[in-house]
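This note's numbering puts the first residue of the sequence shown at 2, with every later residue one more than the last.
Reviewing the structure listed below.
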Amino acid sequence: MEVKGCRSEVEVFRGSPVETVSRRDSASLQTSSPRSIPLTGRTAHSIPTKREFRASSAPLIPNPFPELCSPTHSPVLTGSLGGRDLPSNSSTHVLRVFGDATHSRSLLVTSGTTAHDVCNLLAQKAHCTDEESWALIEHNSSLGLERCLEDHELVLQVQSSWPVESDTKLIFRKNYAKYEFFKKPVLFFPEHMISDSADVTKGTTSSELVQNMVKSGSCPEIQGFLHVREGGKKSWKKLYFVLRRSGLYFSNKGQSKEPRHLQFIGDLEDLNVFTVFNGRKQYGAPGEHVFCIKASKDRFRCQDLKLMCADSEQSRTCWITAFRLFKHGKQLQCNYQLSQSSARLHKPSRPDSKCTDREESMVAMDFSGKSGGRVIQNPHEAQNAEREEGHNWRKREALRHSLPSGGHSSQLSAVHRVQPWFHGGVSRTEAQRLLEEQGQVDGMFLIRDSQLHAQCFVLSLCYKLKTKHYLVIPLEEGDKQYYTMDDGVTLFTDLLQLVEFHQINRGILPVCLKHPCTCIAL
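Given below as structure tokens:
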């Protein structure tokens, strides 16, 4: 059935003004000289006629009755990229990605470009020192929603579901927790949240069951209480939920999981799970650990959201991780293996790895003895000598800067300001937000200026989904300045040395420093 006077057209995004091509007349197109050169090469089927050039001069009006037009002949503009029917891979589109609230970068992508491809391209263009753990975040500020795109998702397909005037955008940042559950599955699935109906064979503990299922790309059945709020309502109810491969259910009779008491909510294939920030203030949630599910085809509207609130961050992380595993299954495992292989490919070679021709012509020497230098044959001894030489160099630099002069303190303290883990004068709340946004995994850290103590710093460290803060104070011995976190027991000439020490030694910390919290401007 067709609507009279309703002519459906496909919007083609190119470097020149917007052109429209009618699909009905595409079979009878005749070759003519184009007025502008598009971003991609024109084929015989993409060359518009004079009649179509005249039609393109009129403004493109979206079809108000998309359900009445045949989808095979009429892809209608329902989103910012022309609806859900994406063009062929040969067409090129401009994708805008933000690094923070103000800085962004535009890229040329095709409809087959995945989130993994965009992350690699942005990491290269931004000259990032590493290409590991970068992610694309789907961010909606008005509703307070965020979702990490999976590496295999098509970015233009995701963007096509956005409303035309939506404030939804893509953000490029680190997410260390994206595949952390493959490394430590027991931490992500508490024993009390694993359903009793899970297949536990004799002699197999729940932790072993979780490890075996996650490594195979599967997930055990998850159960537990959640506070839930339906779209459009303001009250919250506490219900018992069960997450299975067949979908999400809640029990209308306590904790009963009998089929007659379980109410079906939705199929996981049609749902997306989002993290909700500022949920207590915006939605009146009973806690801070809020997330929501939304149908993939629904637009970003408050009435289309099913909001849920967990009792703890560990519980929320478990529900979100289980959603991802049940929905994508072994595809997540393939994404994880691809990220691991890419990380090994871009990781710099170590001294014990295969050396280049120039490196093979160089040997480690020890000149500490009185009889002259000797060749160090042991590779472990060579690594220790390299670290000791670096430590001695830093001590010499510190002594050189500690000579009496008016600006020696500013020169000595400037070494940390160019490091990716230093965030200047951000507040305690802002530091916790940055760490939560990038995964909040064990060993993730940043250093900032202390707002309470002058000339002091604060080390903010993630451990067991919580953020701990350690005061770094300057200490003077004689006419030299050091930094310490344990009342002078361990002294460091600068913050860079403090970080490098705690990357291999815990010291007073519960875990070694591992992942720096970084922010880049695209």
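Note that CB positions come from ideal geometry on N, CA and C, so glycine has one too.
Consult DSSP for Ala311 and reduce its assignment to one of helix, strand or coil. Here residue 311 corresponds to residue number 310 of the sequence shown, with the count starting at 1. Residue state for Ala311 is assigned as coil, using DSSP reduced to three classes.
Within its chain, find whatever has a CB closer than 6 Å to the CB of Tyr471; leave out the 5 residues flanking it on each side and keep chain order. Counted from its first residue, the sequence shown places residue 471 at position 470. The beta carbon of Tyr471 sits closer than 6 Å to the beta carbons of Leu460 and Met486 from its chain, once the five residues preceding and following it are set aside; these are given in chain order.
I need the boundaries of the beta strand (DSSP E) containing His140, first residue and last residue. Counted from its first residue, the sequence shown places residue 140 at position 139. Unbroken beta strand (DSSP E) run through His140: Trp135 to Asn141.
Identify whether Met194 lies in helix, strand or coil by the three-state DSSP scheme. The residue given as residue 194 occupies position 193 in the sequence shown. Three-state result, Met194: helix.
May I ask whether a heavy atom of the ligand ATP can be found less than 7 Å away from the beta carbon of Lys282? Judged by which ligands are present, the structure shown has none, so any question about the ligand ATP falls away.
Can you check the segment 238–316 for any beta strand (DSSP E) of at least 3 residues that lies completely inside it and give the ranges in chain order? The segment 238–316 contains these whole beta strand (DSSP E) runs: 238–245, 248–252, 263–267, 272–277, 291–296 and 307–310.
Within this structure, are the beta carbons of Phe301 and Pro164 separated by less than 8 Å? Position 300 of the sequence shown holds residue 301. Position 163 of the sequence shown holds residue 164. The beta carbons of Phe301 and Pro164 sit closer together than 8 Å.
Status (buried if at least 16 other CB within 10 Å, exposed otherwise) for Gly479: As a working mapping, residue 479 is identified with position 478 in the sequence shown. The residue is exposed, with fewer than 16 neighbouring Cβ atoms inside 10 Å.
Return helix, strand or coil for Cys335, following the three-state DSSP convention. Here the question's residue 335 lines up with position 334 in the sequence shown. In this structure, Cys335 counts as helix in the three-state DSSP scheme.
Nearest CA to the CA of Lys295: which residue from Leu514, Ser451, Ser247 and Val277? For the purposes of this step, residue 295 is identified with residue 294 of the sequence shown, where counting begins at 1. Closest by alpha carbon: Val277.
Checking contacts by CB at 8 Å: is Val119 closer than that to chain C? Here chain C cannot be found, since the structure has a single protein chain.
Nearest neighbour of Asp268, chosen from Val291, Leu244 and Phe173 [CA to CA]: Here residue 268 is taken as the residue at index 267 of the sequence shown, counted from 1. Among Val291, Leu244 and Phe173, the Cα nearest to that of Asp268 is on Leu244.
Reference Leu539, options Gly489, Lys234 and Leu123, closest by Cα: Look at the range of the chain in this structure, 2 to 523, and you will see that residue 539 is not part of it.
With respect to the beta strand (DSSP E) encompassing Thr475, which residues constitute its N-terminal and C-terminal limits? Taking the first residue of the sequence shown as position 1, residue 475 is located at position 474. Here residue 475 turns out to be Pro, not Thr, going by the sequence shown. It spans Lys467 to Glu478 - the beta strand (DSSP E) in which Pro475 sits, taken as one unbroken run.
Under 8 Å Cβ to Cβ from Ser167, same chain only, skipping five residues before and after it: list those, please. Locating residue 167 in the sequence shown gives position 166, where the first residue counts as 1. Ser81, Asn141, Arg300 and Phe301.
So, at 6 Å on beta carbons, what are the nonlocal neighbours of Lys298 in its own chain, with the 5 sequence-adjacent residues on each side left out? Residue numbering aside, residue 298 sits at position 297 when the sequence shown is read from its first letter. Within the same chain, and ignoring the five residues on either side of Lys298 in sequence, no residue has its Cβ closer than 6 Å to its Cβ.
Is the beta carbon of Lys175 less than 8 Å from the beta carbon of Thr468? Here residue 175 refers to the residue found at position 174 when the sequence shown is read from its first residue. Here residue 468 refers to the residue found at position 467 when the sequence shown is read from its first residue. No, the Cβ-Cβ distance between Lys175 and Thr468 is not below 8 Å.
If you drop the 5 nearest sequence neighbours on each side, which residues of the same chain put their C-beta closer than 7 Å to that of Arg325? For the purposes of this step, residue 325 is taken as residue 324 along the sequence shown, with counting starting at 1. Same-chain partners within the cutoff: Leu333.
Boundaries of the alpha helix (DSSP H) in which Arg449 is found, first to last residue: Locating residue 449 in the sequence shown gives position 448, where the first residue counts as 1. Looking at the DSSP string, Arg449 is not in any alpha helix (DSSP H); the run it does join, the beta strand (DSSP E), is Met445 to Asp450.
For Lys254, the nearest candidate out of Gly248, Phe226, Glu270 and Val274 (CA to CA): Taking the sequence shown and counting its residues from 1, one reaches residue 254 at position 253. Each of Gly248, Phe226, Glu270 and Val274 was checked against the Cα of Lys254, and the nearest Cα belongs to Phe226.
I need the boundaries of the beta strand (DSSP E) containing Lys126, first residue and last residue. On the sequence shown, position 125 is the one that residue 126 refers to. Unbroken run through Lys126 is the alpha helix (DSSP H), Ala116 to Lys126; no beta strand (DSSP E).
With which residues is Glu147 paired in a DSSP beta bridge? Position 146 of the sequence shown, counting from 1, holds the residue named residue 147. Answer is His140 and Thr276.
Which whole-angstrom value is the C-beta distance of Leu96 and Leu523, which I expect to be below 8 Å? Working through the sequence shown from its first residue, we reach residue 96 at position 95. Working through the sequence shown from its first residue, we reach residue 523 at position 522. At roughly 12 Å, the Cβ-Cβ gap does not stay under 8 Å, so Leu96 and Leu523 are not in contact.
For Phe182, count the other beta carbons within 10 Å of its own beta carbon; 16 or more makes it buried, fewer makes it exposed. Which is it? Looking up residue 182 in the sequence shown gives position 181. Label assigned to Phe182: buried.
Which residues in the same chain as Ala116 place their Cβ atom closer than 7 Å to its Cβ, once the five residues preceding and following it in sequence are excluded? On the sequence shown, residue 116 is found 115 positions in, with the first residue counted as 1. The residues are Leu137, Leu150, Glu151, Asp152, Glu154 and Val156.
If contacts are defined as beta-carbon pairs under 8 Å, then Arg230 and Leu146 qualify, I think. What distance do you get, rounded to the angstrom? Translated into the one-based positions of the sequence shown, residue 230 becomes position 229. Translated into the one-based positions of the sequence shown, residue 146 becomes position 145. So it is not a contact: roughly 14 Å between Cβ atoms.
If you compare alpha carbons, which of Asp450, Lys179, Gln125 and Ser112 is closest to Gln341? As a first step, residue 341 must be located in the sequence shown, where it is residue number 340. Cα-wise, what sits closest to Gln341 is Lys179.
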